[in-house]
Each structure stands twice: as C-alpha cells, then as structure tokens.
Amino acid sequence: MEVLPAIVAPEPVVVFCGMAGAESIKTRDHYYASPGNSFWESFHLSGFSPRRLRPDEDRLVAELGHGLTDLVGHWDPAWVEIDALVADVERWQPEWLAFTGKGTAQWAYRALGHRGRPSLGVQDWYVGPAQVFVLPGTSGANQRKDYDGRPNRLSWWRDLAALSGISPAE
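Numbering follows our numbering, in which position 13 of the sequence shown is assigned residue number 49; successive positions increment by one, without gaps.
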C-alpha cells in the first residue's frame, strides 16, 4: 500500500487527517487529488489559505501552519494503525486533529476503544494532546443535502477555522 508522507508544520494549529488503506484508493502523489474532491476549495473558503491550492501544492499547508496526514488502515478498526497516529500527534502537538470525514473519525474512535459514532464538529475526545474535530467528507461522492443539520460542508470548516483563530475568506 502506498502511503503519502505526512506534511506538517513545526508547530501546527490543525492537522487534517484522511484515510489511507482502502482497496479503492490507488497510488496517489498528493493529498485530496481525486477529481471532485472539495478539500482544497473548503480549505481556502474557510480561511485556512489565502487562495485555492492545487493538490500538487499540498506542501504549502505546512507553510500555512497546519498539516496533512492519513489514518492508515484497511476499513477495519482492528487494522487501523492508531498507535502510529497517536505517536505522530504527540510529537507534532497540534491544537486540533481534524478528521476529513465521519468514516475516518469512526475508525479512529473505535480503534481507541470507544463505542458509538462521532458526529460532525467538536468532539469530547482527543488523539494525544489534540482535540478532535470531525469535518464532513470531502469526496465528490459526499453530496448530501443535510450535514448534521446544516445545508453545506463549508459551515463546519468555518467553525474549525474560527476555533483555530482564523478568519474566513470573503
């Protein structure tokens, strides 16, 4: 399985965590590079970047004070490498660990020994020192009309930006 190396600022505010390891994920060169993925648009419109970055500019996330990583697993909590993620988060010391999808958050939650399903937004659990925030999935396949009571994904991104001390882009 091809796993991208983490891209993380020396003192990150938010580390965004997706999922690597699914059978459907092919070798990729950059984070959130699949067609239709809204990560980069949401990252910009919520204020995390001054302009919309391209997937091949993913390294710029660290220059903006944040990070990108993946939860490594096989869509089974027994196979999720949670210890590696916890060790990385303890080393990086971000304020927030933002899972980019409920599914990814749920695998981490279960791998940490919790039961139930995380909702979107601020969570009452942590990975290492970082409080968890769950964002709606950014895949083009995630085109619902309701995101836990909200009409769009961007409102959740803007909440995380505000909690991180970032003003949304106009």
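C-beta: ideal position from N, C-alpha, C; glycine also.
Only a predicted model underlies this, so the values are computations on that prediction, with no experimental measurement involved.
Using the C-alpha atoms, what's the distance from residue j back to residue i?
{"i": "VAL168", "j": "PRO86", "result": "24 Å"}
{"i": "PHE52", "j": "GLY201", "result": "16 Å"}
{"i": "PHE135", "j": "GLU126", "result": "16 Å"}
{"i": "TRP143", "j": "ARG151", "result": "10 Å"}
{"i": "TRP128", "j": "GLY149", "result": "23 Å"}
{"i": "LEU121", "j": "GLY54", "result": "11 Å"}
{"i": "TYR68", "j": "LEU104", "result": "10 Å"}
{"i": "ALA42", "j": "VAL108", "result": "11 Å"}
Excluding sequence positions up to five away, which residues of its chain have a Cβ less than 6 Å from the Cβ of residue i?
{"i": "GLY173", "result": "GLY137"}
{"i": "VAL158", "result": "PHE169"}
{"i": "ILE61", "result": "Annotation note: pLDDT 49 at ILE61 (below 50); position unreliable, coordinate value reported separately. Correct list: empty, nothing qualifies."}
{"i": "GLU59", "result": "Low per-residue confidence applies at GLU59: pLDDT is 45, beneath 50, and the placement is therefore not dependable enough to give any value."}
Are residue i and residue j close, meaning C-beta to C-beta below 9 Å?
{"i": "ASP106", "j": "ALA166", "result": "no"}
{"i": "HIS66", "j": "PHE84", "result": "no"}
{"i": "GLY72", "j": "SER175", "result": "yes"}
{"i": "LEU196", "j": "VAL50", "result": "yes"}
{"i": "PRO48", "j": "PRO130", "result": "yes"}
{"i": "ARG95", "j": "TRP76", "result": "no"}
{"i": "ALA123", "j": "GLY185", "result": "no"}
What I want to know is whether the C-beta of residue i ends up closer than 8 Å to one or more non-hydrogen atoms of the ligand FMN.
{"i": "ARG194", "result": "Annotation note on the ligand FMN: not contained in the displayed structure, which lists no ligands."}
Excluding the 5 residues preceding and the 5 following residue i in the sequence, name in chain order all residues of the same chain whose CB lies nearer than 7 Å to its CB.
{"i": "ASP92", "result": "HIS66"}
How many whole angstroms separate the CB atoms of residue i and residue j, which I take to be in contact at a CB cut-off of 8 Å?
{"i": "PRO154", "j": "TYR145", "result": "5 Å"}
Can you list, in chain order, the residues of its chain whose CB lies under 8 Å from that of residue i, leaving out five sequence neighbours each side?
{"i": "GLU99", "result": "ALA45"}
{"i": "VAL39", "result": "ALA56, GLY57, ASP106 and VAL108"}
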